[in-house]
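Using the numbering used here, read the sequence shown as starting at 10 and increasing by one per residue.
Encoded as structure tokens, the structure appears first; notes follow it.
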Amino acid sequence: MEKVSVISHPVVDRYLTYLRDKNTNTAVFRRAMSNIGIILAYHALNDLKLDETEVETPIQTTIGYKPGQEVVVIPILRAGLSLVDGIINFMPEAKVGHVGVYRDEETHQPVNYYDNLPTGLDKALTLVVDPMLATGGSGSHALHFLKENGAKNIRFVCLIAAPEGIERLQSDHPDVPIITAAIDERLNENAYIVPGLGDAGDRYFGTV
Ligand code: PRP
Ligand code: URA
């Protein structure tokens, strides 16, 4: 898998437009996030290992497939939850763990406040999910934490990445491919992505 994959698809561009639009209501915002989650999962899992299995059709026995490794989805709370619905729609067998990290509004530094991880991370394909990769502080922090807890084969799945965040993740975690729907211009003085979509968690949960 490429180090940074940008999903290029006309339908994704349409969904991204809904998400960026400050006048989009919570219901439309949620549906767009869920639909993009499906497409991001499709790309993030495109080299998932499979084992062969026999399947009996109504006509005869033939070869089928099942995952050859566990898939674990780990949203970075809160906003990471926005993509989980789409991802587990696409991959219903995936386990879901949680890591709670918020970005301190003054210092912009990540702070851990919750975790609940499934066992077997050492053998799993782990998708770490957060719609916004801004400074990369939260993502890098979560990746360090997951590696300390055994995760080895990790992908970082996001919606919008800033060049600064990509650089930070690639420098701290060169082994982790990044899958994103867009790379935006830059960060502003408050470390928000420009043009971005504003605060993803607030818009998804309706706490604006
Ligand atoms: C947002 C976002 C990322 C982080 C990105 O979370 O969901 O986790 O900021 O910024 P960074 O790359 O500069 O670390 P936030 O701290 O707003 O918390 P929330 O998900 O609870 O809204
Ligand atoms: N977190 C967000 O939700 N949006 C940004 O633009 C940056 C960090």
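Where a beta carbon is used, it is the ideal one built from N, C-alpha and C, also for glycine.
The structure presented is a predicted model; accordingly, all values stated were derived computationally and were not measured.
D139 classed as buried or exposed, judged by whether at least 16 other C-beta atoms fall within 10 angstroms: Its Cβ being crowded by 16 or more others within 10 Å, D139 is buried.
Exposure of V213, with buried meaning 16 or more beta-carbon neighbours within 10 Å: Rather than Val, the amino acid found at residue 213 in this sequence is Tyr. Classification of Y213: buried, given that the 10 Å Cβ count is 16 or more.
Y24 burial status per 10 Å Cβ neighbour count (16 or more: buried): Label assigned to Y24: buried.
R195 classed as buried or exposed, judged by whether at least 16 other C-beta atoms fall within 10 angstroms: Answer is exposed; the Cβ neighbour count stays below 16.
Own chain residues within Cβ distance below 8 angstroms of F38, not counting five before or after: Only Y27, L28, R212, Y213 meet the Cβ criterion.
Limits of the beta strand (DSSP E) - the one that E173 falls within: E173 -> not in any beta strand (DSSP E); alpha helix (DSSP H) instead, spanning 172-181.
Distance cut-off 7 angstroms: G205 Cβ against heavy atoms of the ligand URA: When distances are taken from the beta-carbon of G205 to the heavy atoms of the ligand URA, the shortest one is below 7 angstroms.
Q78 beta carbon less than 8 angstroms from that of A133: Judged by their CB atoms, A133 and Q78 are nearer to each other than the 8 angstroms cut-off.
Pocket of the ligand PRP (residues with CB nearer than 7 angstroms to any heavy atom), chain order: Chain-ordered, the residues whose CB falls short of 7 angstroms from any heavy atom of the ligand PRP come out as I85, L86, R87, A88, G89, V110, Y111, R112, H117, P119, D139, P140, M141, L142, A143, T144, G145, G146, S147, G148, G174, A200, D208, A209, G210, D211.
From Y122, N162, V185, V203, residue whose alpha carbon lies closest to that of E173: For E173, the nearest C-alpha among the options comes from V203.
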